Every structure is written in structure tokens, then in C-alpha cells.
Amino acid sequence: MKKITLPQASKLTSPNPVTVVCTQKPDGSTNLATVSWWTYLSYKPNMIAYAMAKTSYSGEMVRNNKKVILTVPGAEIADAVLGCGSTSGRNTDKVSKFGVELAEVEGSPIKIPLHSRVAIVCRLKEYHEVGDHYLYICDVEQVYGDESEEALFAWNGYAQLRPVK
Ligand SMILES: Cc1cc2nc3c(=O)[nH]c(=O)nc-3n(C[C@H](O)[C@H](O)[C@H](O)COP(=O)(O)O)c2cc1C
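Numbering of the sequence shown is given in the working numbering, commencing with residue 249 and proceeding in unit increments.
Structure representation (C-alpha cells):
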């Protein structure tokens, strides 16, 4: 083996997971941001975590209102998910810019992309500074799934989004 950088390692671990972090903006609308760095943490109680750059607008939203839904996007919205990963909700309405069709989630003010394989409805428990990111640790309130949607993964590091098949 030879020494490599951590970003190079993320190419070697491709395909990497992809989620869309859905948060509520102050006007009540939904912001969508693409996030690969997430993990299950605990089943008893149900907990997950994800990491986002300190500068992300999504982070600001969840630190304010504690509400977030992580979704695993379906194959049909690959282009939009890539777009949501290169623009900020601070100055862009990504839902309209990328034409993402949204669905309601019972009991939540946050909407999610209609084409989602999994949706994990969370409440922020705590967050920690980790280098240039914050790690968001969340309690899971509800989980929804739809097997008919094919999950997207990130290939070649984070450059392309495609299913595994
Ligand atoms: C495939 C892919 C994966 C990404 N994964 C992460 C991630 O795990 N954490 C992160 O902070 N940003 C990640 N990004 C970048 C964010 O989506 C990007 O910074 C986005 O503009 C943040 O939007 P926001 O400012 O509306 O929150 C990823 C982008 C792509 C395309």
C-alpha cells in the first residue's frame, strides 16, 4: 500500500452513501442539501449522525429549530441532487431551481423529495465541532421507506450520482 490523502481514500471507498438533508427555512419552505457523511449510530434508542461544513445553510437551520429529515434519494432525481450539493439555500431556492417534486411528511413541517427510498425524521440532540465540520447527532422520530425507489450512491468520490446496479 502507499500513503494517500483522506479525499483520495473517499474515491477508493466509492460508491459512498448519499442523503438529502431536508431542513425548514424561516419562511417555512424546505431547503435541500446533499450529504454523504452520515451514519446509523444506535437502534436503542434510534439515533443517526451526519457531518456538514460549518458554513452550510442547512446547519444554521437545524441548529435553530432542531428539526431535520434525512432522505436517501431515488435514482430519478440524480441531477437535482447533484445541484443541491453545489448551491446554498442561503441564496437559492433549490426546490424550484432544480424542479424537485416534494411530498408531505405526516407531523413534520419539512417536506421531502417525492422520489425518496428512505426518510428518517429526526430531532437534533446535540452537535459537536469536528475540524471544519459540525457533527449533528440526532434522535430518530419516524422512519419511512419505499422499496420501489432505487437508491443513489456517489461514485468517483462525490463526482457522480448513480444507483449501484
Ligand atoms: C455527492 C455530494 C456529497 C456531499 N456530501 C457532503 C457532506 O457529507 N457534508 C457536507 O458538509 N457537504 C457535502 N456536500 C456539499 C453540500 O451539499 C454543499 O456544500 C451544499 O451547498 C450545502 O448546501 P446548504 O448551504 O444549502 O446547506 C456534498 C455534495 C455532493 C455533490
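Where a beta carbon is used, it is the ideal one built from N, C-alpha and C, also for glycine.
These figures come from a predicted structure and were not determined experimentally.
Any chance the CB of V412 is under 7 angstroms from a heavy atom of ligand 1?
Locating residue 412 in the sequence shown gives position 164, where the first residue counts as 1. Flag unset: Cβ of V412 not near ligand 1.
Tell me the residue span of the beta strand (DSSP E) that contains R410.
Translated into positions along the sequence shown, residue 410 becomes position 162. First-last of the beta strand (DSSP E) with R410: Q408 to R410.
Sorted by chain position, which residues of the same chain lie with C-beta nearer than 6 angstroms to T287's C-beta, five sequence neighbours on each side aside?
In the sequence shown, residue 287 corresponds to position 39, counting from 1. Only A297 meet the Cβ criterion.
Distance cutoff 8 angstroms, beta carbons only. Does E324 sit that close to anything in chain C?
Of the chains in the structure shown, none is chain C; there is only one protein chain.
Since K315 and I358 should fall inside the 8 angstroms C-beta cutoff, what is the C-beta to C-beta distance between them, to a whole number of angstroms?
Your numbering for residue 315 matches position 67 in the sequence shown. Your numbering for residue 358 matches position 110 in the sequence shown. Contact holds; Cβ gap of about 6 angstroms.
Roughly how many angstroms separate the alpha carbons of S284 and G355, rounded to a whole number?
Counted from its first residue, the sequence shown places residue 284 at position 36. Counted from its first residue, the sequence shown places residue 355 at position 107. Using only the alpha carbons, I get a separation of about 26 angstroms.
Contact check, G333 vs T253, beta carbons under 8 angstroms:
On the sequence shown, residue 333 is found 85 positions in, with the first residue counted as 1. On the sequence shown, residue 253 is found 5 positions in, with the first residue counted as 1. Not in contact: G333 and T253 (Cβ atoms no closer than 8 angstroms).
Compute the minimum distance between the beta carbon of H363 and the heavy atoms of ligand 1, and state whether it is under 7 angstroms.
For the purposes of this step, residue 363 is taken as residue 115 along the sequence shown, with counting starting at 1. For ligand 1, not one heavy atom lies less than 7 angstroms from the Cβ of H363.
Closer than 7 angstroms: H381 CB and nearest ligand 1 heavy atom
For the purposes of this step, residue 381 is identified with residue 133 of the sequence shown, where counting begins at 1. Yes, since a heavy atom of ligand 1 falls inside the 7 angstroms radius drawn around the Cβ of H381.
Chain-ordered list of residues that sit, by beta carbon, closer than 5 angstroms to a heavy atom of ligand 1:
A281, T282, V283, S284, W285, M300, A301, S304, Y305, S306, G333, S336, G337, A402 and Y406
Let me check understanding here. Comparing Cα to Cα, which of E398, Y406 and I360 lies closest to A257?
Taking the sequence shown and counting its residues from 1, one reaches residue 257 at position 9. Ranking the options by Cα distance to A257, first place goes to Y406.
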